[in-house]
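Going by the working numbering, the first residue of the sequence shown is number 1, and it counts up by one from there. Every residue gets a Cβ at the ideal spot worked out from N, C-alpha and C, and that includes glycine. Please read the structure below before turning to the comments.
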Amino acid sequence: MLALGAATGVVRAQAPSTQFGFVFGSVAKVVQGTDTLAQAWTGGLNTPQFSTIDLDGDGQLDLFAFDRETARCYTFLSVAGASGRRWQYAPDYESLFPSDLSGWALLRDYDCDGRADLFTYASGGDIRVFRNVVGASGRPSFVLANSQLTFPVANGYISNLNIGAYNTPSIQDVNGDGRLDILTYDFVGSTVLELYLNASTGACGGVSSFTQSTNYWGQLQVCAGTCAGYQPAGSAACAVYKVQHSPGHSVLFIDLNGDGKLDVLDGRDNCPQLTRLLNSGTSTVEGLVTASGVSSAFPTSAAPVNLPVFPAPYSFDANFDGVPDLVVASNMPDNTLDFVSMRHNVKLYQNTAASATAVPSFSLASDGFLQNDMLDASEGSVPAFGDIDGDGLTDMLVGNQADLVNGYYRGSLYYYRNVGTAKRPVFRLVSDDYLGLAATAALTPSVKFQSLRPALADVNHDGALDLVYSVYNGTTNQLRYILNTAKAGQAAVFTPSQGSIFQLAGLTGTTVASSQGNDTPCFFDVDGDGYVDLLLGTNNPQANTGSLRYYRNQGAAAGGNIDNLFVLANNDYGQLLDAGSRPPYLAPAVADFDGDGRADLLTLDGRGTATLYPAFQNQSGAFSGTTNLFYNSFTSQYEPARLGKGYVLRFAAAAADLNHDGAPELYVGTETGGIVSYLPRNRTVLAARGVSAAALALNLYPNPATEAVTVETAQPTSLRLYDLAGRLVRTEPALARTRRLALRGLAPGVYVVQATAADGTSTSQRLAVGL
1 MLALGAATGV VRAQAPSTQF GFVFGSVAKV VQGTDTLAQA WTGGLNTPQF STIDLDGDGQ
61 LDLFAFDRET ARCYTFLSVA GASGRRWQYA PDYESLFPSD LSGWALLRDY DCDGRADLFT
121 YASGGDIRVF RNVVGASGRP SFVLANSQLT FPVANGYISN LNIGAYNTPS IQDVNGDGRL
181 DILTYDFVGS TVLELYLNAS TGACGGVSSF TQSTNYWGQL QVCAGTCAGY QPAGSAACAV
241 YKVQHSPGHS VLFIDLNGDG KLDVLDGRDN CPQLTRLLNS GTSTVEGLVT ASGVSSAFPT
301 SAAPVNLPVF PAPYSFDANF DGVPDLVVAS NMPDNTLDFV SMRHNVKLYQ NTAASATAVP
361 SFSLASDGFL QNDMLDASEG SVPAFGDIDG DGLTDMLVGN QADLVNGYYR GSLYYYRNVG
421 TAKRPVFRLV SDDYLGLAAT AALTPSVKFQ SLRPALADVN HDGALDLVYS VYNGTTNQLR
481 YILNTAKAGQ AAVFTPSQGS IFQLAGLTGT TVASSQGNDT PCFFDVDGDG YVDLLLGTNN
541 PQANTGSLRY YRNQGAAAGG NIDNLFVLAN NDYGQLLDAG SRPPYLAPAV ADFDGDGRAD
601 LLTLDGRGTA TLYPAFQNQS GAFSGTTNLF YNSFTSQYEP ARLGKGYVLR FAAAAADLNH
661 DGAPELYVGT ETGGIVSYLP RNRTVLAARG VSAAALALNL YPNPATEAVT VETAQPTSLR
721 LYDLAGRLVR TEPALARTRR LALRGLAPGV YVVQATAADG TSTSQRLAVG L
């Protein structure tokens with residue numbers, strides 16, 4: 001929150017049996033158009049893979065989604081509502097699943113005990129299986145049952161069932177013996193379908209043994225050319241299909257024509273459509289697909305599936321009508337080569353058949369299943385908060401990595417205006433290209449405009465919030481700013497044509513601080529001189545540097561030259577490490593999260609690690625932090641973040657006290673384009689002041705205040721007024737015992753008045769403004 005330092009004399013007390021942390025929850029609603037987003041703060045979806053499972057033991061099938069791109073698990077409960085059942089995000093259940101999932105994850109009941117087991121990718125393309133056993137309070141618990149599925153080959157040898165790194169199989173009973181079988185493309189070139197029958201013993205089955213029934217299911221091969229390029233057996237040979245980055249397929253066995261034999265829906269990397277492979281053979285096991293059975297006009301020629309890249313099909317009852325629907329979602333490992341929009345890419349095709357056993361009939365019911373209920377800015381979202389329209393309420397900006405709009409892949413700013421009240425914030429989407437930054441960038445398509453990461457801070461010390469944003473132009477990362485030409489407390493006036501670039505000295509002596517994208521700025525008065533400094537999270541691999549850089553604000557010494565306002569003070573601030581190495585894609589945020597009156601530093605990095613460094617200004621050298629920050633009600637423990645994992649994930653964090661209760665919430669922007677909202681838990685309560693600080697006898701009245709507050713101290717002091725995110729909003733540097741501090745233009749909320757005597761003795765007191 002604010003820089004109280006060691007001489008404040010303020011002592012905070014926290015019960016030894018409590019621990020500070022965060023818990024998923026929200027205080028603000030989000031409205032887009034006429035819709036109030038039911039799952040606003042879930043964090044977005046990019047490449048979800050769907051399965052059903054009863055999570056809470058109520059006999060209703062709930063929903064599990066595994067996002068391939070970020071290796072993040074999502075859990076949704078089926079709950080009753082006034083208008084029927086609905087999906088409700090329930091993140092505590094995510095901890096029930098193994099933490100090292102990657103590639104793909106599907107839930108299927110292999111032992112017929114009524115509990116969905118877990119089949120998932122293993123290193124190198126193998127398949128491993130976890131059995132779902134009864135855990136605490138009847139909840140699922142996954143125990144490794146087989147680390148590598150195998151099948152016998154010639155001469156008594158055993159081979160691992162390897163499906164490759166990019167294929168996603170279909171797992172279901174094919175031959176009607178009650179055991180789960182596996183259909184997948186071959187791991188070498190992903191050009192032919194292979195069927196593995198379950199040969200495990202037992203009344204129901206198991207996962208101990210499989211046999212390869214055929215390595216040429218359907219008697220067809222994938223060919224080069226169009227996305228419907230398949231060559232049935234007996235036809236002329238075709239060129240093997242190759243794509244730019246992976247030859248992956250996602251397949252689903254499903255009876256499409258009601259003849260009792262399973263057909264195949266095939267989603268293919270680098271292709272927008274699903275291909276229907278109609279089985280005209282005598283059985284599912286043998287399989288035969290002729291040229292007439294191949295069609296990419298599915299479900300109809302008038303309205304085929306059309307996703308930007310790599311559609312994957314999932315069959316389950318998505319709308320609670322008792323009939324299995326079809327959900328199709330993108331399934332590529334990342335978006336680094338495709339540059340497509342990651343919004344509206346989870347499509348629900350409702351099955352309008354009369355019953356679950358009738359011939360299915362699919363029609364598009366939603367272009368963003370679950371997605372449309374979430375705040376979703378495509379990918380790499382970054383929140384920033386401040387009063388933009390001058391109405392005293394905190395508004396929200398959301399930057400993103402980029403989105404494909406009108407043929408241009410560009411970063412943009414979403415502007416959400418707060419149309420609620422001081423206690424009940426409601427964000428309404430006003431623009432998905434605030435200030436027209438993306439539209440302007442599209443005028444020069446040869447220059448990239450990506451990884452737009454905003455911050456709102458008073459950089460020129462005039463009392464009004466300015467706009468700063470980091471952006472990658474294809475070769476370097478620039479930190480740009482647009483000064484707010486309105487007076488404090490008025491609606492912001494930003495003129496993009498008058499913007500400029502901070503000249504941040506890098507280690508090489510140049511004015512380019514980073515040659516990599518995704519630098520994340522955070523502004524906070526680190527040295528306590530009344531001017532906001534810059535903490536820059538980077539991914540720059542320069543030698544002899546860390547991930548966090550501290551740039552000091554020169555203040556009046558800059559001579560009004562805003563471009564050169566910040567000078568490098570520490571190129572490895574805090575000497576931060578994650579698992580012993582330099583954390584990539586670091587994103588910092590500063591606030592008094594734990595409520596002890598001292599500023600805390602919170603960082604997120606590209607591996608999905610969130611770390612809190614309490615009272616960081618009182619630390620030196622290598623900062624000490626903690627990663628067990630997020631409370632799980634099932635375990636009654638604090639756990640690390642479960643936002644996904646990897647090495648190239650882009651996160652960001654921001655603090656804001658949106659409901660003005662004196663405790664800032666934490667908002668995390670995710671790689672999947674959304675924002676996750678957390679509330680503070682077990683925040684410290686103000687206890688007592690030290691003797692030296694008490695001697696200052698700080699007194700505020702009236703409190704709460706509206707237009708102004710009278711400040712009295714026993715000794716002459718200077719004053720600073722901070723909001724709960726640590727931003728300096730008012731300052732009175734001259735020493736005096738009594739003065740009247742103007743509050744006009746401040747948003748309603750809780751602030752902190754800090755009084756400092758000439759000898760450095762300092763104390764503070766909370767002030768409620770407009771409440």
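Mind checking Asp325: buried by the 16 CB within 10 Å criterion, or exposed?
-> buried
Is it right to say Gln498 is buried, meaning 16 or more other beta carbons lie within 10 angstroms of its own, or is it exposed?
-> exposed
Where does the unbroken beta strand (DSSP E) through Thr440 begin, and where does it stop?
-> Premise fails: Thr440 lies in the alpha helix (DSSP H), 437–441, not in any beta strand (DSSP E).
Contact check, Leu658 vs Val27, beta carbons under 7 Å | yes
Determine the burial state of Ile158: buried for a count of at least 16 other Cβ atoms within 10 Å of its Cβ, exposed for fewer.
-> exposed
Taking only runs of the beta strand (DSSP E) that begin and end inside the segment 548–601, which ones reach a length of at least 3 residues, in chain order?
-> 548–553, 566–570, 587–591
Please confirm whether Tyr678 and Leu666 have their CB atoms less than 7 Å apart.
-> yes
DSSP three-state call for Ser762: helix, strand or coil?
-> strand
Collapsed DSSP secondary structure at Phe316 in the structure displayed = strand
Give every residue of the same chain whose Cβ lies closer than 8 Å to the Cβ of Glu286, excluding the five residues on either side of it in the sequence, and list them in chain order.
-> Thr214
Using three-state DSSP, classify Gly816 as helix, strand or coil.
-> Because residue 816 is not part of the residues shown, which for the chain are 1 to 771, the question remains open.
Report, in whole angstroms, the separation of the C-beta atoms of Gly546 and Arg598, which I expect to be a contact under 8 Å.
-> About 22 Å; that fails the 8 Å criterion.
Between Pro311 and Gly267, is the Cβ-Cβ spacing less than 7 Å?
-> yes
Out of Ala505, Pro680, Ala291, which has the shortest C-alpha to C-alpha gap to Leu629?
-> Pro680
Whole-angstrom distance between Asn306 and Phe316, CA atom to CA atom = 20 Å
Three-state secondary structure assigned by DSSP to Phe97 = coil
Report yes if the C-beta distance between Tyr416 and Tyr434 is below 7 Å; otherwise report no.
-> no
Since Gly770 and Pro748 are thought to touch, with beta carbons under 8 Å apart, how far apart are those beta carbons, to the nearest angstrom?
-> 3 Å
Reduced DSSP category for Gln754 - H, G, I as helix; E, B as strand; rest coil | strand
Beta-carbon proximity list for Val129, same chain, < 6 Å, skipping 5 on both sides | Phe119, Ala145, Asn146, Val207
First through last residue of the beta strand (DSSP E) which encompasses Gln350 = 346–351
If we ignore side chains and look at the alpha-carbon of each, how far apart do Thr611 and Lys261 end up?
-> 53 Å
Kindly list the residues whose CB is nearer than 7 Å to the CB of Pro232, restricted to its own chain and excluding five residues on each side of it in sequence; keep chain order.
-> Gln219, Leu220, Val289, Thr290, Ala291
Between Val174 and chain D, is there a C-beta pair that is closer than 7 Å?
-> Of the protein chains in this structure there is only one, and it is not chain D.
May I have the straight-line CA-CA distance separating Phe651 from Phe623, to the nearest angstrom?
-> 21 Å
Pro496 in three-state terms, based on DSSP | helix
Would you list, in sequence order, the uninterrupted alpha helix (DSSP H) runs of no fewer than 4 residues that lie entirely inside the segment 377–451?
-> 437–441
Three-state secondary structure (DSSP) at Asp466?
-> strand
Between the CA atoms of Ala758 and Arg739 - distance to the nearest angstrom | 16 Å
Across which residues does DSSP place Gly528 in a beta bridge pair?
-> Looking at the DSSP assignment, Gly528 forms no beta bridge with any residue, so it has no partner.
Consult DSSP for Ala38 and reduce its assignment to one of helix, strand or coil.
-> coil
Among Pro152, Asp109, Ser170, which has the Cα closest to the Cα of Gly205?
-> Asp109
Nearest to Leu845 by CA position, among Val340, Thr300, Ser283, is which residue?
-> One cannot answer for residue 845 here, as it falls past the ends of the chain, which runs 1 to 771.
Roughly how many angstroms separate the alpha carbons of Val349 and Pro313, rounded to a whole number?
-> Reading off the sequence shown, one finds Tyr at residue 349, where the question assumed Val. One C-alpha to the other measures close to 10 Å.
Considering only residues of the same chain and omitting the five flanking positions on each side of Glu712, which have a CB-CB separation below 7 Å?
-> Asn699, Arg737, Thr738
Quick one, are the C-beta atoms of Val346 and Ala329 less than 7 Å apart?
-> yes
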